[in-house]
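Protein sequences, first through last, are from chains A and B. Per this note's numbering, the first sequence starts with residue 1, numbered consecutively. Per this note's numbering, the second sequence starts with residue 1001, numbered consecutively. Think of the CB as a built atom: it goes at the ideal place given N, C-alpha and C, for glycine as much as any other residue.
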Amino acid sequence: MKSLIKSVALATAIVAAPLMVATTASAEGERYVFISHAPDSDSWWNTIKTSLGIAEGQLGVTVEYRNPPTGDIGDMARIVEQATASGPDGIILSIADFDALSGPVRDAVDQGIPVITVNSGTAEQSASMGALMHIGQPEYDAGHAAGTRAAKEGVKSFLCVNHYITNAASVERCQGFADAIGADLGNQMIDSGQDPAEIKNKVLAYLSANPDTGAVLTLGPTSAAPTINALKENGMAGDIYFGTFDLSAEIATGVKEDIIAWAIDQQPFFQGYLPIVLLTNYNRYGLLIPHNINSGPGFVTKATIDAVADMAGEYR
Amino acid sequence: MSEVSAPPNDDERVKEISGFRKSLMRPELGGICGTVLVFVFFLLTASDSGMFSPAGVMNWSIVSAQFMIIAVGACLLMIAGEFDLSVGSMIGFAGMSIALLSTSAGFPMWIAIILTFIICVTIGALNGWLVIKTGLPSFIVTLAFLFILRGVTIFAAIATTRKTIIGGLREEAAGDWLAPVFGGKILTGFFQWMGDNGWIEVFSRGTREGQPVVDGIPMLIVWAIILIIFGHFLLTRTKFGNWIFAAGGDAQSARYTGVPVNRVKILMFMFTAFCAVVFATCQVMEFGSAGADRGLLKEFEAIISVVIGGALLTGGYGSVVGAALGALIFGVVQQGLFFAGVESSLFRVFLGVILLLAVILNTYIRRAITGEK
């Protein structure tokens, strides 16, 4: 029994030690909490984490990045409530589910914590929650702009590889694209899941069942990389019109190799960096930009890819 | 005549145990120790981070209550010797069912809720019946339903509304009599009084100016307490509770002594489904929306809470109060790690370490109690 007590005490001390160090070593500047809706497996947010780190260093503030490990928005709402209870100098979050998050965000705003929304959600939702502004890329418009480009090349049908179907914004991207090329979004959007092997197999299956598909649209690095492999395997790489959202190292290579026509850069760097800069200036000097900021879309094509490629996945 | 010595006062074959030690030797002891340790740990590392302010206490209490609701169901089922891995998918399915029945199908909210309960408890009974009929491990049968229910949830959402998050449920639930039973708050007057007298902070601006930051006890917590009391009473004070232990300890011997093992197991599967629907309804009513990915992986969190609370994975031993304490530990640790400022990517490492420590502690204590080697 004595040795049990000793080992438990030792274990508690070992676990507690890094935490004690962590809490005393935090900076004296303002503290912000950035809450995303993404599950741990989503790599797109790495750019935002990088930009948060850069903002921390430049401004002398601390930023905590939080997310629900499984992507469950119910858990995300609890994280927002927890962040509010810990009294930060500002909260930044994505509006993944307006109904679930509006209550906790309203509470934060009413307690005097400034809130900026980024990424998912519309400007109206952001304003109705009492946020200072929304920084993002309107998804339907981005999909529509992409579809307009594709329609100019004569695309009439497409496959939308949706790896994050539970996020309403992802469906809007496919819908915007479909409307722009004049197609009906029926089975043209597939729920590919997040596992690379699964995504590749589903793309191969769809393309062999529908060989006349005019274009492929993927919604992010998670679905783009396996789709590139699928197209290389069935020989359609470079042949079929392929556009994607977001940037990554594989997508950059795909653009250079003429497999991907363009990548839509939502410029997530701004979705992490700008809120910290704006909140810090708001807290310190009372300055505020009075309108929303669109961080994208920027189209990255073969002409511009070289400059961008090195930084894909980290800064872009 | 030989001398007759006075009969010995004690029988040296009987070991003396002090009253204090006797009261400690309960199955919940591991859970109690774990809870004390966890609170001490967070008092040391996070006492000034807002974790023990009223809003902070409400935050981890709600998260713990969420786990408690599904842990009670999982505990009774695990004591009966079975697992249910479909709880998380059932939560998503139930939430989506309420949303679709009330928005797309147009039923009033109370009918949507009652229909959802009936549908999901039937699915729970189906789980149990399949396990009994086929003799397959419940692990496999419920794993299949994990996929089936999650898929049906996503399909139903996209097929009817082309979205996977269905909102606007607060408006649908306005004026309904059953909705506040799951999504409302009680003791609001008491909290308003505390706010007025300065015991709790009040909002400084906005539409809720003057209202206390914590404005009531959510029905989620009330349901958790009701289910714990019900589960504990059922398990320890009724004949049915004995049957649950017997079915989990050794099903065949239990059958020989007349315990209706099949009925017990099916009823426990139905109860687990019931708990999942209570969770889902409270969540949907509180948030006003249902999502297709709600409840993802919650079944493992329920099982973890039950194991931290001292139940045996093989069945036949455990306690509902222990499971509740396990859920409390899990909720406090999950939210407390955020309060303590732990790096988000290390979060799961700490969770796993604490889980391991809790289970090892429990095993040692259980061996000390039961004298097992």
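How is residue i classed by DSSP in three states: helix, strand or coil?
| i | result |
| --- | --- |
| Asp191(A) | strand |
| Gly1341(B) | coil |
| Arg1026(B) | coil |
| Phe1039(B) | helix |
| Glu1012(B) | coil |
| Arg284(A) | helix |
| Tyr140(A) | helix |
| Arg66(A) | strand |
| Lys1185(B) | strand |
| Pro1212(B) | strand |
| Phe1052(B) | coil |
| Tyr1256(B) | helix |
| Asp110(A) | helix |
| Pro268(A) | helix |
| Ser1061(B) | helix |
| Pro39(A) | coil |
| Pro196(A) | helix |
| Val1141(B) | helix |
Could you compute how far the alpha carbon of residue i sits from the alpha carbon of residue j?
| i | j | result |
| --- | --- | --- |
| Ile1062(B) | Ala77(A) | 11 angstroms |
| Ala1144(B) | Gln1283(B) | 25 angstroms |
| Ile305(A) | Leu185(A) | 30 angstroms |
| Ile91(A) | Phe1240(B) | 50 angstroms |
| Asp110(A) | Pro1180(B) | 24 angstroms |
| Ile1303(B) | Arg284(A) | 47 angstroms |
| His163(A) | Phe1067(B) | 29 angstroms |
| Val1141(B) | Gly1092(B) | 18 angstroms |
| Phe1042(B) | Gly1336(B) | 7 angstroms |
| Ala1322(B) | Glu1172(B) | The residue asked about is misnamed: residue 1322(B) is Gly in this sequence, not Ala. Those two C-alpha atoms are separated by around 38 angstroms. |
| Ala27(A) | Ser51(A) | Any reading at Ala27(A) is ruled out, since the residue's pLDDT is 44, under 50, leaving its predicted position unreliable. |
| Val21(A) | Pro68(A) | The predicted position of Val21(A) is uncertain, since its pLDDT is 45 and thus under 50; a value taken from the coordinates is nonetheless stated next. Going from the Cα of Val21(A) to the Cα of Pro68(A) covers about 25 angstroms. |
| Gly1128(B) | Ala1311(B) | 21 angstroms |
| Ile1123(B) | Gly57(A) | 54 angstroms |
| Phe1117(B) | Cys1275(B) | 10 angstroms |
| Ala224(A) | Ile240(A) | 14 angstroms |
| Ala1071(B) | Ala183(A) | 48 angstroms |
Taking the alpha helix (DSSP H) that residue i falls in, what are its first and last residues?
| i | result |
| --- | --- |
| Val1202(B) | No alpha helix (DSSP H) contains Val1202(B), which DSSP labels as neither H nor E. |
| Ser126(A) | Ala123 to Ser128 |
| Phe1271(B) | Val1261 to Phe1287 |
| Ala1302(B) | Lys1298 to Ile1308 |
| Trp1129(B) | Met1109 to Thr1134 |
| Ala237(A) | Careful: Ala237(A) lies outside any alpha helix (DSSP H) and carries neither H nor E. |
| Ser1047(B) | That residue, Ser1047(B), is in no alpha helix (DSSP H); it is neither H nor E in DSSP. |
| Asn46(A) | Asn46 to Leu59 |
Kindly list, in the order they appear in chain A, the residues whose Cβ is closer than 7 angstroms to that of residue i.
| i | result |
| --- | --- |
| Lys1163(B) | Ala168 and Val171 |
| Gln1283(B) | Gly74 |
| Val1213(B) | Gln111 |
Name, please, each residue of chain A whose Cβ falls closer than 8 angstroms to the Cβ of residue i.
| i | result |
| --- | --- |
| Gly1056(B) | Gln82, Ala85 and Ser86 |
| Ala1247(B) | Simply none; closest approach about 32 angstroms. |
From this set, the options, which residue's C-alpha is nearest residue i's C-alpha?
| i | options | result |
| --- | --- | --- |
| Leu1328(B) | Gly1248(B), Ile1308(B) and Gly1295(B) | Ile1308(B) |
| Ile95(A) | His37(A), Ala224(A), Phe270(A) and Leu159(A) | His37(A) |
| Gly1167(B) | Asp97(A), Phe177(A) and Thr213(A) | Asp97(A) |
| Asp141(A) | Gln175(A), Pro268(A), Thr227(A) and Asp246(A) | Gln175(A) |
| Ile259(A) | Leu274(A), Glu56(A), Gly235(A) and Val161(A) | Gly235(A) |
| Gly154(A) | Thr213(A), Met129(A) and Tyr206(A) | Thr213(A) |
| Glu81(A) | Thr1122(B), Pro1054(B) and Lys1298(B) | Pro1054(B) |
| Asp1215(B) | Asp1196(B), Leu1101(B), Tyr1317(B) and Gly1231(B) | Asp1196(B) |
| Tyr206(A) | Pro196(A), Ile190(A) and Ala197(A) | Ile190(A) |
| Glu1299(B) | Cys1075(B), Val1014(B), Glu1012(B) and Phe1052(B) | Cys1075(B) |
| Val1277(B) | Gly1031(B), Ala1099(B), Ser1047(B) and Asp1010(B) | Ala1099(B) |
| Ser192(A) | Val203(A), Pro290(A) and Leu288(A) | Val203(A) |
| Gln271(A) | Ala85(A), Lys256(A) and Arg316(A) | Arg316(A) |
| Met1219(B) | Thr1370(B), Ala1280(B) and Arg1255(B) | Ala1280(B) |
Which residues in chain B have a C-beta closer than 8 angstroms to the C-beta of residue i? List them in chain order.
| i | result |
| --- | --- |
| Gln267(A) | None at all; the shortest Cβ gap to chain B is about 23 angstroms. |
| Asn283(A) | Result: empty, since nearest Cβ-Cβ is about 16 angstroms, beyond 8 angstroms. |
What residues from chain B crowd round residue i, counting only those whose CB sits closer than 7 angstroms?
| i | result |
| --- | --- |
| Ala77(A) | Phe1287 |
| Gly147(A) | Going along chain B, no residue has its Cβ under 7 angstroms from Gly147(A), so there is no contact; the nearest lies around 17 angstroms. |
| Arg316(A) | Within chain B, no residue comes near Arg316(A); the closest Cβ sits about 22 angstroms away, beyond 7 angstroms. |
Since residue i is in the beta strand (DSSP E), which residue starts that stretch and which ends it?
| i | result |
| --- | --- |
| Tyr32(A) | Arg31 to Ile35 |
| Leu217(A) | Ala215 to Thr218 |
| Tyr1317(B) | Tyr1317(B) -> no beta strand (DSSP E), and no H or E assigned at all. |
| Phe1083(B) | Looking at the DSSP string, Phe1083(B) is not in any beta strand (DSSP E), and its letter there is neither H nor E. |
| Leu185(A) | Segment: none, Leu185(A) is in no beta strand (DSSP E) and carries neither H nor E. |
So which residues of chain A does residue i contact, with C-beta pairs closer than 9 angstroms?
| i | result |
| --- | --- |
| Leu1169(B) | Asp99 |
Find the residues of chain B that neighbour residue i, judging by a C-beta separation of less than 9 angstroms, and give them in chain order.
| i | result |
| --- | --- |
| Pro211(A) | The contacting residues do not exist; Pro211(A) stays about 25 angstroms from chain B at best. |
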